[in-house]
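>
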Amino acid sequence: MKTDNSFCIRGGSIMIYPKFLQAGGTIGVFAPSCGITDEEKIKRFKNGKKNLEKRGVNTVFTDHVFTSDDRGASSNGKIRADEFMKLLKDDKVSVIVSAAGGDYLIEMLEYVDFEEVKKNPKWFKGYSDNTFLTYILPTLCDVASMYGANYSDYGMSGWGKSVNNDFDILKGNIKEQKSYDYFESKVHDKPNFEGYFNDEKVCWKNATGEDEIKISGRLIGGCMDVLNFIIGMPYDNTLNFLEKYKKDGNIWYLETFSLTAEDLYINLLRYKQMGLFKYTNGFVFGRPCFFESFTGLDFKRAILDALGDLGKPIIYDADIGHKGPQFTIINGAIGEFSSKNGKGSLKLKLEP
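With positions in the sequence shown counted from 1, the corresponding number in our numbering is that position plus 36.
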């Protein structure tokens with residue numbers, strides 16, 4: 037489905053889909069959390085800029101993409117928020133892509149003018165710590181966002197299917213995404229412009245043994261390590277969001293960076309008891325990154341013990357999150373996940 041690049045829905049109670057990237061357009065990159073100071077990573081960013089220029093797209097980096105304090109943060113919270121707002125207001129910038137994840141995006145939230153975000157809606161894309169923005173923008177502002185790879189993926193010498201899919205979605209060419217054949221199961225050094233290492237075969241799983249699962253609903257989610265902080269913050273508008281779009285039902289897609297099995301289980305219980313799953317049609321979990329248990333609890337049991345009584349379909353080990361390649365998911369859009377025989381897919385519909 038090729039969308040109209042001028043498409044932008046506005047309103048207080050409908051989802052806003054910002055304008056997509058056009059030929060000759062510009063991607064604005066800022067570092068909402070970690071800065072990029074490693075020489076190998078800087079080279080990858082420069083190669084990403086070249087790769088995009090070959091495809092007719094420009095890149096602008098804000099002043100603190102390539103800086104870092106002693107904690108790894110690119111700058112203080114106010115500076116990061118200012119750079120974000122500057123990109124939002126810059127008419128030359130079409131979409132905003134995060135430089136990286138990290139630990140400190142939370143520091144910039146108090147300086148973000150979310151009313152201005154509604155007035156100047158632009159796509160923001162990132163994952164991991166970027167969940168602070170990719171989740172809050174649609175749930176608080178009704179501005180759709182993209183949960184997907186950070187800018188460094190554009191620096192790969194060979195993009196592969198996942199990066200090409202991602203770039204197509206940035207341009208508004210919303211296609212069905214199908215599960216990949218292999219994924220990168222371990223951390224690898226990438227001194228040049230390597231793509232993903234194909235360590236392990238992709239195998240989507242249906243948690244209660246169904247032959248096939250199909251789930252449709254409005255997409256909401258991200259990295260649970262971050263969502264655990266968001267839920268209960270002043271920016272948390274989840275319950276109102278769910279109520280507003282209840283006619284669609286929702287799909288919670290979730291992935292973890294370093295949560296233990298016990299953390300996963302307890303926080304899913306917490307979400308459930310808070311009413312966050314009241315209108316859910318099902319769950320899709322990405323592959324956990326660093327995962328361990330102190331009580332012998334495995335991933336499947338953790339999610340089933342927490343969610344099994346809801347009677348909703350659950351897919352896990354999907355192509356979402358830290359163990360790439362990953363899908364690009366539009367938060368706030370209608371999604372349809374399918375899972376059968378270890379393979380899966382996602383269709384996206386931009387409905388208000």
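Heads up, the beta-carbon is just placed ideally off N, CA and C, and yes, glycines get one too. Quick caveat: nothing in here was measured; it's all calculated off a predicted structure.
Which residues in the same chain have their Cβ closer than 6 Å to the Cβ of residue 234, if we skip the five residues on either side of it in sequence?
By 1-based counting over the sequence shown, the position of residue 234 is 198. Cβ within range, chain order: 218.
> If we count the other Cβ atoms within 10 Å of its Cβ and call it buried at 16 or more, is residue 42 buried or exposed?
As a first step, residue 42 must be located in the sequence shown, where it is residue number 6. Here the model assigns residue 42 a pLDDT of 36, short of 50, so the residue's position is not dependable, and the following value carries that caveat. Classification for residue 42: exposed.
> Residues in its own chain within less than 6 Å of residue 231 by CB, not counting five upstream and five downstream?
For the purposes of this step, residue 231 is taken as the residue at position 195 of the sequence shown. Only 192, 194, 196 meet the Cβ criterion.
> Can you find the residues in the same chain that come closer than 6 Å, C-beta to C-beta, to residue 216, ignoring five residues on each side of it along the sequence?
Start at 1 with the first residue of the sequence shown, and residue 216 comes out as number 180. 238, 355, 361.
> Do the stretch 365-383 and the stretch 321-339 meet, that is, are 3 or more Cβ pairs less than 8 Å apart?
At 8 Å Cβ cutoff, the stretches do not touch.
> Looking only at its own chain, which residues have a Cβ that is under 8 Å from the Cβ of residue 91, when we skip the five neighbours before and after it?
Position 55 of the sequence shown, counted from the first residue, corresponds to residue 91. So the list reads 203, once near-sequence residues are dropped.
> Considering residue 301, what are the terminal residues of the alpha helix (DSSP H) in which it resides?
Sequence index remark: in the sequence shown, residue 301 carries index 265 (1-based). Its alpha helix (DSSP H) spans residues 297-309.
> Give me the DSSP bridge partner(s) of residue 320.
Within the sequence shown, the letter at position 284 stands for residue 320. In DSSP, residue 320 forms a bridge with 289, 351.
> Comparing C-alpha positions only, which one of 254, 297, 266 sits nearest to residue 282?
Taking the sequence shown and counting its residues from 1, the one referred to as residue 282 is at position 246. Cα-wise, what sits closest to residue 282 is 254.
> Look at residue 188 and residue 162 and say whether their C-beta atoms are less than 8 Å apart.
The residue labelled residue 188 in the question sits at position 152 within the sequence shown. The residue labelled residue 162 in the question sits at position 126 within the sequence shown. Contact flag unset, no.
> Can you give me the start and stop residues for the alpha helix (DSSP H) that residue 177 sits inside?
Here residue 177 corresponds to residue number 141 of the sequence shown, with the count starting at 1. Looking at the DSSP string, the run of the alpha helix (DSSP H) that includes residue 177 is 167-177.
> Give me, in chain order, the residues of the same chain whose beta-carbon lies closer than 6 Å to that of residue 214; leave out the 5 immediate sequence neighbours on both sides.
Walking along the sequence shown from the start, residue 214 turns up at place 178. For residue 214, where only same-chain residues beyond five positions count, the Cβ hits under 6 Å are 381.
> Is the stretch 336-350 touching the stretch 254-274 in the sense that three or more CB pairs, one from each, lie closer than 8 Å?
No: the two stretches stay apart, fewer than three of their Cβ pairs being nearer than 8 Å.
> Is it right to say residue 107 is buried, meaning 16 or more other beta carbons lie within 10 angstroms of its own, or is it exposed?
For this step, residue 107 is matched to residue 71 along the sequence shown. Label assigned to residue 107: exposed.
> So, at 7 Å on beta carbons, what are the nonlocal neighbours of residue 294 in its own chain, with the 5 sequence-adjacent residues on each side left out?
Your numbering for residue 294 matches position 258 in the sequence shown. Excluding residues within five positions, the ones whose Cβ falls inside 7 Å are 261, 325, 326.
> What do you get for residue 371, buried or exposed, if any count of 16 or more other CB atoms within 10 angstroms of its CB means buried?
Reading the sequence shown from its first residue, position 335 is the one you call residue 371. Classification of residue 371: buried, given that the 10 Å Cβ count is 16 or more.
> Helix, strand or coil for residue 198 per DSSP?
Along the sequence shown, read from residue 1 onward, the residue named residue 198 stands at position 162. Of the three classes helix, strand and coil, the one that applies to residue 198 here is helix, per DSSP.
> With three or more C-beta pairs closer than 8 Å as the rule, is the stretch 303-310 touching the stretch 206-213?
Flag = no, the stretch 206-213 and the stretch 303-310 do not touch.
> Under a three-way DSSP split, which group does residue 338 fall into?
Your numbering for residue 338 matches position 302 in the sequence shown. Reduced to three states, the DSSP call for residue 338 is helix.
> Could you give the DSSP three-state label for residue 45: helix, strand or coil?
Within the sequence shown, the letter at position 9 stands for residue 45. Residue confidence is low: residue 45 scores 35 on pLDDT, short of 50, so the model does not pin down where it sits. No coordinate-derived value is stated.
> Would you mind stating whether residue 69 and residue 113 have Cβ atoms separated by less than 8 Å?
Taking the sequence shown and counting its residues from 1, one reaches residue 69 at position 33. Taking the sequence shown and counting its residues from 1, one reaches residue 113 at position 77. It is not a contact, given that the beta carbons lie outside the stated cut-off.
> Which class does residue 312 belong to by DSSP, given the choice of helix, strand or coil?
For the purposes of this step, residue 312 is identified with residue 276 of the sequence shown, where counting begins at 1. Three-state DSSP puts residue 312 in coil, outside helix and strand.
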